[in-house]
Amino acid sequence: MLGEDPHTIGGYWLAGRLGQGGQGVVYEAYDGEGARVALKLLHADGGRTQLDRFAREVEAARRVASFCTARVLDADLAGPRPYIVSEYVSGPSLRAAVRDGRSFAGDDLHRLATAIATALAAVHEAGVIHRDLKPDNVLLGPDGPRVIDFGIARTEEMSVTSTGLVAGTPAYMPPESFSGRRAGAPGDVFAWGAVMLFAAQGRDAFGGDNAAAVIHQVLSAIPDVGGLPPALRPLVAAALAKEPQARPTARELLLALVSGNGEAAGLLRAGSERARQIASDDGLDPGLGTIAEDAYTALPEEQRQLVPGVFLRLLTLDEYDMETTRPVPVAELEYGGQDLRAILRAFSYVLSERDGQMVLTRPAVLRAWPRLRGWVSAERPGLAVVGQLGQAARHWDDNGRGDGDLLRGSRLQAVESWAVSERRHMTLTRLERDFLDSSRRALARSRKVRRGALVTLVTLLVVALAGAVSAVSAAGEANRERERAEAQKRQALSRQLATQSVRLVGTEPTVGHLLAVTAWRLAPTKEARHSLRNALAGPAVFTRPGPALALAFSPDGKVLATNGDEGVVTLQDPVTHRPTGSLTGQKQMVTEVAFSGDGRLVAAAAEDVRIWDAATHEQVGEPLRGGGTVAFSPDGRLLATGGDRVRLWDVATRTQVGDALPGAGAVAFSPDGRLLATHSSRETEARVWDVASRRQVASLEAHLSPAGISHLAFSPDGKRLVTSSHALRLWDVATWRPIGKPLMNRQIGGIRVAFSPDGSVLATTSDGGRARLWDLATRQELGPRLAGHTIGLYSVAFSPDGKLLAAGGFDGLRLWSPFTHRQLGAPLPTAGTTARAATFSGDRRSLLASDARQVRLWDLGSRTPILTIRPGRPINTAVGSPDGGTLAIGLESELTWWDVAGRRQVSSVRTPRHVIGPAAYSPDGRILAIALTPDPQTDAKPEIWLFDARTHRRTGRIVRPENIAQLVISPDGRYLTAVDIGENAQLWELSTQVEAGPPISRAKGVAFSPDVRTLAVAGNAGTRLIDLASRKQLGRDLGGHSGVITAVAFSADGGTLATASDDKSVRLWDVATHEQVGAALPGRSRVSQVEFGDGVLATVNDDDTFRVWGVAEPADLVAAACARAGRTLSAGEWEQYLPGEPFQKVCVPS
């Protein structure tokens, strides 16, 4: 790091320079969670051309799948210092590796060729051309080579640059680049051939003393490929053909290298797998956190105990409660003695002594080192306190140690509270101890004087009543000081627990919920409220380690049965999560468990099948023959078992019914009990049988499962059957024909499924340990996926009320609230045209949605249209009056008003020189504002027209210099706001049309808080909250998105802000703390508008749909969090998180 290098950029902490080029500097950096990333920062003097090139790099890299490339994770192109954040690839470049002596030949060279061809195939599959492939842009990472740097890449639809400049590295540019022709994808293939020769020969394929000589070689020389392996020789020769049409495509190269089947996704996966066999030694490039942890563990125990205090003293909190570094006089650390010198030597990579001050030279260690993050979290309330204490102690010492500079009252109480009960890792210096002791003695002397004065005054009460009153007042003040100190301590603890809750709720949801409740019980701080909201916004409810391959809820939902160790079946209450019993007897691990329809019996399959009484937990009868799978008929009279043969058993008599059927690893009864579906993972067909006659009624094309797993399930209404192995297919039971294409495919671990009780949603397992939810009406996934399993996911099951989803695997059981912050039902469709806008009715129970052909009012309860208006001409905008009685619809150059009750047009106004744009009603419904874009055939200017909504007469007109993208009227009707395409937001007093202050810059969109005190301003990379009175920003930007912020909206109570982005996601923010609430809501396309309703959020999407999301919060957050947790903190957990504090039950069972 150089002196001019910043410590942080956009929430990322910089650790060191990785390189510098014409565009900017690349840094090793760390995000807020400690993830290592590469951050490219544009040079401060970069002009518009550089910024455009920067933007192209972002656009190109985002379009490319991450096969052998480094993904772009974040970007800010609108700030004062634009930057791009991408995956950090730990390893040297190909050029550096060859320079340092590494050679590539034989299989090693073939794998390298495959890796780079895979990257190019992924690039070209996304419609992108790299244009600067060279050894410097190939990094040899621990998981294989990665192609980086899309700085001069272009998408296929981009035009040739107007400057005509040649961009790239001459030795790796194709001949057509130097003859005035555009270099497309074949140019990247040419570069691939040149890179292969470099890797094999250790030198550039086209050399020369200067650029002209290199270009001459590229145009005329035929490189010698004789030294290459025979399999590569013809491919490299063809790639280096002088004419682009003679070169193979990247896909053809990859097909030849991996001998795949030609299908793009399969080729990319195969190439990526082979690429992983070339890896650099990750240990050669350890992260900053690894370096710090190694230094820490190398110290002896007595020195390790001092390390937290050293680092924590170098930190403090800024005005936004964010960590920042501060230099500390070495004298302040004198308690360390010689150990301090040893610590400084051990951490010389991140610590330094300068002019008697200890400084943190690499502040990114705050994020990179998990152990330090834990210390900071535990000591967060004290970071500001210790800095103030040290400063006050030095001031006292420098000024003669007089009593006038000592701590008193609430300041002393706060510092003592921290030093005595909250301090975890920091040691007080001798000066600080002396200062505190002197402050205590001064307080004691003061109290002694007051007590003596009180005795004297009491004896002289008659003559000195006023003095007695004063003494009593002093005693009262002391009590109030103690109460204030105790309140401050509880608030600090509350904030600390809230932080821990946010960190834990995803991995230890029960503890995370309980810590949020405890934080609120200690002190109802804004941080505690956020932690409650965040916990309840997440889907995670409960986790339990240990195998959970078999799952079944009892019909009444009061018991969840799972397999436990060996052959034990564990029963637990899914609400309180407490074990309620166990079923023993099986000798091997249970693979499937089932309840009878009346809930009286439980069956479990392992090497055989056993049945237990669900109430007494006693085994009923002898084991039944069969294994692997088991299912009760809906009436509970029959039991189907699998294995080498499928058998049906009479449950009452425990005798086999009829002949056995062919073997299967999965069985399922239809809801009416008439049909039995069976499937073996070793067969390509699933079979359906008539239970009464044992006659096969259908043979369905299924798939072999590489993992030996197959599954079947009928929908609750019996109209659909799911077959799953490594692919998942839906079948129409009436016709036995497949319903559409497979929902999922190529799942190596196999797929198991569960229908929601209403049959509208299908839950599935998937590779990667994630449960997925599918809307069966649209056949689209309802994201986000439920992640957390590390070894693999084996089974899923819905509770009978649909409120819980159990997911189990070898590494444990997880319970989810599956529909928390999820899309509600299928998207609301347009008439096949662009979705324009969506607004909620006054009661927020219906949604007005407009597209280019129609305006529809949807009843959100029934999801049916209440009315539809099709004017017969293209619709530019539509907005409803607050009372719901009138619609204003803009049709190109005509504004029309419609009576909703009568479904008829009642008035219109022509705008012959303008095209109608955005519109907005005032909250009282008296004024309608519309934005007008000038017809390019005229000399008109952009304008805003104001109308009397009752008479439909124009009452005002505002001329603007730029076209208007958004119009908003504040909730109190005071302000009219227009956001123009120049990204300026101008406010006017609506009543006078007088400008209300200067425009607000960098605005993509705006939203007023309900109390009109705050304006949310969407920008290119984040959202600002602006105090309208002072026009000052409130706190930090709300980031998180990887794209431009396209829309913002406040909830009705003003406590939540929704932000949408062209990264296809929506994020919800707690306005009080500026912290995100729950995970992002994922979309399938860019989101252009967000709007809050009653417990829901509507989005307008570029895939021509309107989507509605459930975002309701419980009225009683604490009660809801306690209900999810199902218990209170144990005494051991209390001592772990609140050591020394008196234990209390924060959740009392109802």
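To convert, note that position 1128 of the sequence shown is 1128 in UniProt numbering; the numbers rise steadily by one, no gaps. Each residue gets a CB set at the ideal place from its N, CA and C atoms; glycine is no exception. Just so we're clear, the structure is a prediction, and the values are computed from it rather than from any experiment.
| said: Which of the three DSSP states is assigned to Y349 in this structure? | reply: Here residue 349 refers to the residue found at position 349 of the sequence shown. Three-state DSSP puts Y349 in coil, outside helix and strand.
| query | In terms of residues, what are the limits of the beta strand (DSSP E) holding Y27? | reply | Translated into positions along the sequence shown, residue 27 becomes position 27. That run of the beta strand (DSSP E) goes 24-30.
| Taking the alpha-carbon positions, what's the L428 to E379 distance? | Residue numbering aside, residue 428 sits at position 428 when the sequence shown is read from its first letter. Residue numbering aside, residue 379 sits at position 379 when the sequence shown is read from its first letter. Rounded to the nearest angstrom, the two C-alpha atoms are 14 angstroms apart.
| said: Quick check on this structure: which residue in A239, R544, V559 has the alpha carbon closest to the alpha carbon of P223? | reply: By one-based count along the sequence shown, residue 223 stands at place 223. Nearest option by C-alpha distance: A239.
| Three-state secondary structure (DSSP) of Q1144 | Translated into positions along the sequence shown, residue 1144 becomes position 1144. Q1144 falls in the coil class under three-state DSSP.
| said: Check this for me: beta carbons of V89 and D74, under 8 angstroms apart or not? | reply: Taking the first residue of the sequence shown as 1, we reach residue 89 at position 89. Taking the first residue of the sequence shown as 1, we reach residue 74 at position 74. Not closer than 8 angstroms, so no.
| query | When you compare each of R822, A516, I889 to S907 by their alpha carbons, which one comes out closest? | reply | Here residue 907 is taken as the residue at index 907 of the sequence shown, counted from 1. Ranking R822, A516, I889 by Cα distance to S907 puts I889 first.
| message | Just to confirm before moving on: does the CB-CB distance between A677 and V688 stay below 8 angstroms? | response | Counting from 1 along the sequence shown, the entry for residue 677 is found at position 677. Counting from 1 along the sequence shown, the entry for residue 688 is found at position 688. Against a cut-off of 8 angstroms, the Cβ pair of V688 and A677 comes out as a contact.
| field | Proximity winner among G997, A666, G812, P286, relative to A1029 (alpha-carbon distances) | value | Start at 1 with the first residue of the sequence shown, and residue 1029 comes out as number 1029. Checking every option, the nearest Cα to that of A1029 belongs to G997.
| request: Please name the residue or residues paired with P145 in a DSSP beta bridge. | output: As a working mapping, residue 145 is identified with position 145 in the sequence shown. L140.
| Backbone CA spacing between residue 1152 and L140 [nearest angstrom] | The structure shown has nothing for residue 1152, since the chain only spans 1 to 1150.
| task | Scan the segment 516-568 and note each continuous alpha helix (DSSP H) run of 4 residues or more that stays entirely inside, going in chain order. | result | 526-537
| message | Just to confirm my understanding: we take E685, look at its own chain, exclude 5 residues before and 5 after, and list those with CB closer than 7 angstroms. What are they? | response | As a working mapping, residue 685 is identified with position 685 in the sequence shown. Excluding residues within five positions, the ones whose Cβ falls inside 7 angstroms are S699, L700, E701, A702.
| the segment 890-897 contacting the segment 1112-1132, beta-carbon criterion three pairs below 8 angstroms | no
| said: So if DSSP puts K242 in a beta bridge, which residue, or which two residues, is it bridged to? | reply: Locating residue 242 in the sequence shown gives position 242, where the first residue counts as 1. DSSP, once it has assigned bridges, lists no residue as partnering K242.
| request: Would you list the residues sitting across from M173 in a DSSP beta bridge? | output: Along the sequence shown, one-based indexing puts residue 173 at 173. DSSP lists no partner for M173.
| Exposure label - G106; buried when at least 16 CB within 10 Å | Residue numbering aside, residue 106 sits at position 106 when the sequence shown is read from its first letter. Exposed, by the Cβ-count rule.
| request: Would you check whether the ligand ZN has a heavy atom nearer than 7 angstroms to the C-beta of D613? | output: The model depicted lacks the ligand ZN and carries no ligand whatsoever.
| field | Own chain partners of L675 with C-beta closer than 6 angstroms, once the 5 adjacent residues on each side are dropped | value | Translated into the one-based positions of the sequence shown, residue 675 becomes position 675. Only V688 meet the Cβ criterion.
| Given a threshold of 16 other Cβ atoms within 10 Å of its Cβ, counted over all protein chains shown, does R1024 qualify as buried or as exposed? | Within the sequence shown, the letter at position 1024 stands for residue 1024. With 16 or more other Cβ atoms within 10 Å, it is buried.
| task | Find out if the Cβ-Cβ distance for the pair L431, A393 is shorter than 8 angstroms. | result | Here residue 431 corresponds to residue number 431 of the sequence shown, with the count starting at 1. Here residue 393 corresponds to residue number 393 of the sequence shown, with the count starting at 1. Going by C-beta atoms, L431 is nearer than 8 angstroms to A393.
| Close-in-space but distant-in-sequence residues of the same chain around D76 (CB under 7 angstroms, 5 per side omitted) | The residue labelled residue 76 in the question sits at position 76 within the sequence shown. Same-chain partners within the cutoff: G10, P82, Y83, N1020, A1021.
| Assuming R770 contacts A787 under a Cβ cut-off of 8 angstroms, what Cβ separation, rounded to an integer in Å, is found between them? | The residue you call residue 770 lines up with position 770 of the sequence shown. The residue you call residue 787 lines up with position 787 of the sequence shown. Right, the Cβ-Cβ distance comes to about 5 angstroms (below 8 angstroms), so this counts as a contact.
| task | Can you grab the Cα-Cα spacing for the pair A1079 / I927, in whole Å? | result | Within the sequence shown, numbered from 1, the residue matching residue 1079 stands at position 1079. Within the sequence shown, numbered from 1, the residue matching residue 927 stands at position 927. Looking at the two C-alpha atoms, the distance is approximately 38 angstroms.
| task | Under 6 angstroms Cβ to Cβ from W369, same chain only, skipping five residues before and after it: list those, please. | result | Counted from its first residue, the sequence shown places residue 369 at position 369. The answer, listed in chain order, is G289, A292.
| query | Which residue from L536, P327, P142 puts its Cα closest to that of L1117? | reply | Position 1117 of the sequence shown, counted from the first residue, corresponds to residue 1117. Checked all of L536, P327, P142; the closest Cα to L1117 is L536.
| request: Less than 8 angstroms between the CB atoms is what I'm expecting for V722 and A734, so what's the real figure, rounded? | output: Sequence index remark: in the sequence shown, residue 722 carries index 722 (1-based). Sequence index remark: in the sequence shown, residue 734 carries index 734 (1-based). In fact, because the Cβ distance is near 15 angstroms, the residues do not count as touching under 8 angstroms.
| Do the segment 578-588 and the segment 599-610 meet, that is, are 3 or more Cβ pairs less than 8 angstroms apart? | yes
| field | Any 3 or more C-beta pairs closer than 8 angstroms across the segment 920-939 and the segment 954-974 | value | yes
| Considering only the beta carbon of each residue, do P1082 and S1061 sit closer than 8 angstroms? | Taking the sequence shown and counting its residues from 1, one reaches residue 1082 at position 1082. Taking the sequence shown and counting its residues from 1, one reaches residue 1061 at position 1061. No, these two residues do not count as a Cβ contact at 8 angstroms.
| S501 beta carbon less than 8 angstroms from that of L522 | Translated into positions along the sequence shown, residue 522 becomes position 522. Translated into positions along the sequence shown, residue 501 becomes position 501. The answer is no: Cβ separation not under 8 angstroms.
| task | State the start and end residues of the unbroken beta strand (DSSP E) segment that holds Q966. | result | Here residue 966 refers to the residue found at position 966 of the sequence shown. 964-969 is the span of the beta strand (DSSP E), which, as asked, contains Q966.
| field | Alpha-carbon to alpha-carbon, H577 and L306 | value | Within the sequence shown, the letter at position 306 stands for residue 306. Within the sequence shown, the letter at position 577 stands for residue 577. Roughly 41 angstroms separates the two Cα atoms.
| request: May I ask you to report which of helix, strand or coil DSSP gives S1001? | output: Here residue 1001 refers to the residue found at position 1001 when the sequence shown is read from its first residue. The answer is coil: DSSP assigns S1001 none of H, G, I, E or B.
| Rounded to whole angstroms, how far is the Cβ of L857 from the Cβ of L867, which I believe are closer than 8 angstroms? | What you label residue 857 is simply residue 857 of the sequence shown in a count that begins at 1. What you label residue 867 is simply residue 867 of the sequence shown in a count that begins at 1. Sure, about 5 angstroms apart at Cβ, within 8 angstroms.
| Are the CB atoms of G193 and V138 nearer to each other than 8 angstroms? | Counted from its first residue, the sequence shown places residue 193 at position 193. Counted from its first residue, the sequence shown places residue 138 at position 138. For G193 and V138, no; Cβs fall outside 8 angstroms.
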